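Remarks on the structure that follows.
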Amino acid sequence: MYWTRRAWLGLFACWVIGSVYCPPVLCAEPAAIADEALLAEARQVHERALTLDSHVDIAGPQYATPQLDPGADNPLLKCDLVKMVSGGVDGVFFAAYVPQQACDADGYRRASEAAMAKISAIRRLTTMYPNRCALAATPDEVERIAAGGRRAIMIGIENGYAVGTELSSIQRFFDLGVRYITLCHNGHNQICDSCNPSSGLGDDGSKDRGLSPLGRQFVAEMNRLGMMIDLSHAAAGSFRDVVGLSRAPVIASHSGCAALREHPRNLTDEQLKTLAAKGGVIQMVAVGGFLMPPSPERKKAIDELAASVGVTEGNFAAAAKPQRERFEQEMVELDRRYPPACLKDFADHIDHAVQLAGVDHVGIGSDFDGGGGIHGFGSHAESLHVTVELLRRGYSADAIAKIWGGNLLRVWREVQAVAAR
Ligand SMILES: [Zn+2]
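Take the sequence shown: its position 7, counting from 1, is numbered 2 in the numbering used here, and each next residue is one higher.
Quick look at the structure:
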């Protein structure tokens, strides 16, 4: 909530690193972000706004233990309580992510257990540091917790695979505080088709089948409970079916704009308009590869890493855990050497979504600790930079507050209202 010396140094470091690694046209102009008056205004706007991030991963079930402590300024984490405070971030949806595996009884059981372990870890954070954060299950609770100076911790499940085939499981997760479910991840599942079919899991490449009959029941049950439906990772057919069927607005918790970067994970202009017409929100993702195409050097390095680890794009979900983990670990160093994108790219995607969908339908979902992190917005400690850049582009304080959290809360309230009706 305040501008620390540390964040100042971060801004400077960002400028230096940005000017070394990125062609100038790709980065926020240092002269502009170092402007004193702009910085002072940004601090005020940022402090007044309720700032929420709709998608942050946790590293695993050891999260919120002495082995992986989010109470410290942890070099292994882009989101921890210290960085949230120094960057003025009021609340975060943590994702209990489970990778897609076979859709059979054994697979569902293991996925449910994995999700439960991560949900326990997220909840454990709030009991480890009750004076610094608290679990929020409603928009009112988010506002109350933030007003009291604590961080609001919210829970989502990334991949409805974890729910299995019993509708009653959705209620079980809801009772544990889960407030959105990303219907699928990489690979089709029992609910719907993914935008990234997994050849390793035998997917046929179709992206048009959309929701399964079971998936249609899931949508109705989530509407009934007041659980937000997250369409990031969903195939075009799944997106079409869900927005047609859902009685409540939907979210894309961490996606970009396909018009600026053609990528299966991004939403087309048509989808942006449909999402807005439905009253929903796209939460802009800060994964470099979704914001702009990789440079030839970066692409070569990624291809070499993937080959050496034995992972390819089509079978990533099916790769063994040690392979996936090694790939993810080595990507951290690769990102440092060949930066994926800059703050300007991120803001360009926000601009585009605002132009297409309107300022009431755009938010922020960094995907930190799950692949997110770009120059200028590399961790929650650098969140003020986003506000600086939006001010610089002419956004009003009201518009910035909507983007930083107001829109997400509005959608959440509407989802609750639909359930109450
Ligand atoms: Zn994701």
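Note that the Cβ used here is the ideal one computed from N, Cα and C, for glycine as well. On a predicted model such as this, the values are computed, not experimentally measured, just so you know.
Per DSSP, the bridge partner or partners of residue i
i, result
"Gln278", "Gly358"
"Cys190", "For Cys190, which the question treats as bridged, DSSP gives no partner whatsoever."
"Leu338", "Paired residue(s): none; Leu338 is not in a bridge."
"Asp225", "Thr177, Ile246"
"Cys128", "Arg146"
"Phe89", "Val51, Ile150"
"Leu63", "Tyr58, Thr60"
"His258", "Answer is none; His258 lacks a bridge partner."
"His41", "Note: His41 sits in no beta bridge, so no partner."
"Ile369", "Phe372"
"Leu206", "Cys187"
"Gly182", "His180"
"Cys98", "Answer by DSSP bridge pairing: none, since Cys98 is not bridged."
"Leu363", "Rather than Leu, the amino acid found at residue 363 in this sequence is Phe. Beta-bridge pairing links Phe363 to Val51, Gly367."
Option nearest residue i by Cα separation, candidates the options
i, options, result
"Ala412", "Met217, Val51, Cys74", "Met217"
"Pro335", "Arg319, Ile369, Ala342, His258", "Ile369"
"Cys187", "Gln95, Gly275, Gly195", "Gln95"
"Val173", "Gln185, Val238, Met223", "Met223"
"His467", "Ala129, Val327, Lys268, Glu299", "Absent from the structure is residue 467, since the part of the chain shown begins at -4 and ends at 416."
"Asp30", "Val77, Leu209, Leu386", "Leu386"
"Gly366", "Tyr390, Val327, Ala342", "Val327"
"Glu153", "His183, His228, Ala132, Gly86", "His228"
"Ala35", "Val349, Glu384, Leu300, Val410", "Glu384"
"Glu320", "Leu338, Asp364, Glu136, Phe168", "Asp364"
"Leu206", "Pro192, Tyr390, Thr382, Leu240", "Leu240"
"Ala98", "Gly159, Lys397, Val137, Val77", "It should be noted that the sequence gives Cys, not Ala, for residue 98. Taking only the C-alpha atoms, the option nearest Cys98 is Gly159."
"Ser189", "Leu63, Ser233, Val77", "Ser233"
"Val381", "His258, Asp340, Gln350", "Asp340"
"Val121", "Leu76, Ala157, Gly83", "Strictly speaking, residue 121 in this sequence is Thr, with Val absent from that position. Of the listed residues, the one whose Cα sits closest to Thr121 is Leu76."
"Gly358", "Ser248, Gly371, Val238", "Ser248"
"Cys333", "Leu379, His344, Asp362, Gly284", "It is Tyr, not Cys, that sits at residue 333 in the sequence shown. It is Gly284."
"Val198", "Pro208, Val214, Asn181", "Going by the sequence as given, residue 198 is Asp instead of Val. It is Asn181."
"Val410", "Cys74, Asp298, Gly274", "Gly274"
"Phe168", "Ser107, Val84, Ala141", "Ser107"
"Asp443", "Cys179, Leu403, Asp236", "Since the first residue of the chain shown is -4 and the last is 416, residue 443 is not available in this structure."
"Ser49", "Asp64, Asp85, Ala37", "Asp85"
Cβ-based burial, residue i [other Cβ within 10 Å; buried from 16]
i, result
"Gly151", "buried"
"Ala59", "buried"
"Lys316", "exposed"
"Gly401", "buried"
"Ala23", "Confidence at Ala23 is low in this model, with a pLDDT of 44, below 50, so the placement of that residue is unreliable and no value is reported for it."
"Pro61", "exposed"
"Gln266", "buried"
"Pro134", "buried"
"Arg260", "buried"
"Ser163", "exposed"
"Pro19", "Confidence is the limiting factor: at Pro19 the pLDDT is only 28, short of 50, which leaves the residue's position unreliable and the question unanswerable from this model."
"Ala104", "In the sequence on display, residue 104 carries Arg and not Ala. Exposed, because fewer than 16 other Cβ atoms sit within 10 Å of the Cβ of Arg104."
"Ala230", "buried"
"Ala26", "Residue placement at Ala26 is flagged as unreliable, the pLDDT there being 42, under the threshold of 50; a coordinate-derived value is accordingly withheld."
"Pro192", "buried"
"Gly82", "buried"
"Ala272", "exposed"
"Ala396", "buried"
"Ala314", "buried"
"Lys295", "exposed"
"Gly210", "buried"
"Met287", "buried"
"Asn184", "buried"
"Tyr(-3)", "Bear in mind that a pLDDT of 28 at Tyr(-3), under 50, signals an unreliable position, so the model cannot answer this."
"Gly221", "buried"
"Arg145", "buried"
"Ser250", "buried"
"Arg331", "exposed"
"Arg256", "buried"
"Asp343", "buried"
"Gly360", "buried"
beta-carbon residue i near ligand 3 non-hydrogen atom, thresh 6 Å
i, result
"Pro65", "This structure does not include ligand 3; its bound ligands are ligand 1."
Exercise for review: Decide yes or no for the touch test of the region 369 to 379 against the region 289 to 302: beta carbon pairs closer than 8 Å, at least 3 of them.
Suggested key: no
Review point. Using 8 Å as the threshold, is the region 241 to 259 in touch with the region 56 to 73, meaning 3 or more CB pairs across them?
Key: no
Point to revise | Inter-stretch contact at 8 Å, needing at least 3 Cβ pairs: the region 268 to 285 / the region 299 to 308 | key: no
Check your understanding: Quick check: the region 345 to 354 against the region 30 to 48, are there 3 or more CB pairs under 8 Å?
Key -> no
Exercise for review: Please confirm if the region 74 to 93 is in contact with the region 110 to 117, defined as three or more CB-CB distances below 8 Å between the two stretches.
Suggested key: yes
Review point. Would you say the region 115 to 125 touches the region 147 to 164, given that touching needs at least three Cβ pairs under 8 Å?
Key: yes
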